[in-house]
Amino acid sequence: GDSVTQTEGQVTVSESKSLIINCTYSATSIGYPNLFWYVRYPGEGLQLLLKVITAGQKGSSRGFEATYNKEATSFHLQKASVQESDSAVYYCALSESNMGYKLTFGTGTSLLVDP
Amino acid sequence: NSKVIQTPRYLVKGQGQKAKMRCIPEKGHPVVFWYQQNKNNEFKFLINFQNQEVLQQIDMTEKRFSAECPSNSPCSLEIQSSEAGDSALYLCASSPTGDSDYTFGSGTRLLVI
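Protein chains in written order, with the numbering used here: chain A, 629 to 743; chain B, 1230 to 1342.
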């Protein structure tokens, strides 16, 4: 079945420094899955950060970017300069049409930004 | 604030007891998904609906869980006989179409003691 692997555990970054959270995926269909980054801020529900449905395209939101790399089957999340308010848990996910668009999630990466 | 409303926020049940949780999807979203997130942060798809019809469900859901999305009433997920391994965060999500962006609720955290 489908699977998503992302940077495990907690990542600590100083404010204004750059961030990368790695994500690689394995999809069962021969087509291209839809790729997502979701975020859960402390005390809040899971919300969509960005998504890309076309291979080779880049998605961006709130200063975060991720590029759909079908050759490397990767969808790494990057930000040039993090802020304390970015502290949250980030989840990489994919969905496929032949799987009824169910989301397959990674296990999350907890980002702590040091002020 | 989430537009998908899940209740209760927390639920504590003894083993063997029924556990029921509810979800009001975002207005205009006929597609509803239920996921389970365990203590290891692993997500498991449970079941999804389009309007009142079940689209897909996993084996576990078919046997021990019951779920419905009646018209004009909240969707619900009920565990018939709770087990310790059911302790998890249960997330409801809705979407205008199956391939569109989901809106997630804040979840119901179930503890089975």
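Backbone N, C-alpha and C define an ideal beta-carbon position, used for all residues, glycine too.
In this structure the region 635-651 of chain A does not touch the region 1298-1312 of chain B; the number of beta carbon pairs closer than 8 Å is below three. Taking the Cα positions, A:Leu739 is about 6 Å away from A:Val717. Secondary structure at B:Gly1334: coil, using DSSP grouped into helix, strand and coil. In this structure the region 1244-1254 of chain B touches the region 1314-1328 of chain B; the number of beta carbon pairs closer than 8 Å is three or more.
Spatial neighbours of B:Arg1293 in its own chain (CB-CB distance under 7 Å, excluding positions within 5 residues in sequence) are listed in chain order as Ile1308, Gln1309, Ser1310.
If you draw a straight line from the Cα of A:Val741 to the Cα of A:Cys720, it comes to about 19 Å. In the DSSP assignment, the residues bridged to A:Leu740 are A:Thr640. Taking the C-beta atoms as reference points, A:Phe664 is found no nearer than 8 Å to A:Leu647. Closest in alpha carbon position to A:Gln634, among A:Pro670, A:Ser723, A:Phe703, A:Phe692, is A:Phe703. Any Cβ of chain A closer than 8 Å to the Cβ of B:Phe1333 would place that residue at the interface, and such an atom is present. If only complete runs of 3 or more residues are kept, the region 648-726 of chain A shows the beta strand (DSSP E) at 651-654, 662-668, 674-680, 686-689, 692-695, 705-707, 716-723, in order along the chain. Within the same chain, Cβ atoms closer than 7 Å to the Cβ of B:Gly1245 are found at Ser1310, Ser1311, the five residues on either side in sequence being excluded. Take the alpha-carbon of B:Tyr1331 and the one of A:Gly673: they are about 12 Å apart. In this structure, the alpha-carbon of B:Ser1335 lies about 31 Å from that of A:Asn697. At least one beta carbon of chain B lies nearer than 8 Å to the beta carbon of A:Thr735.
A:Ile649 is the residue among A:Ile649, A:Val680, A:Phe733 whose C-alpha sits nearest the C-alpha of A:Gln638.
Pairing A:Val680 with A:Tyr653 gives a Cβ-Cβ distance that is not under 8 Å. Selection B:Leu1284, B:Asp1315, B:Ile1342 evaluated against A:Lys730 yields B:Leu1284 as nearest (Cα-Cα). Counting along the chain, B:Lys1249 sits inside the beta strand (DSSP E) bounded by residues 1248-1253. In this structure B:Ile1287 touches B:Phe1274 by the C-beta definition: roughly 7 Å separates them, less than 8 Å.
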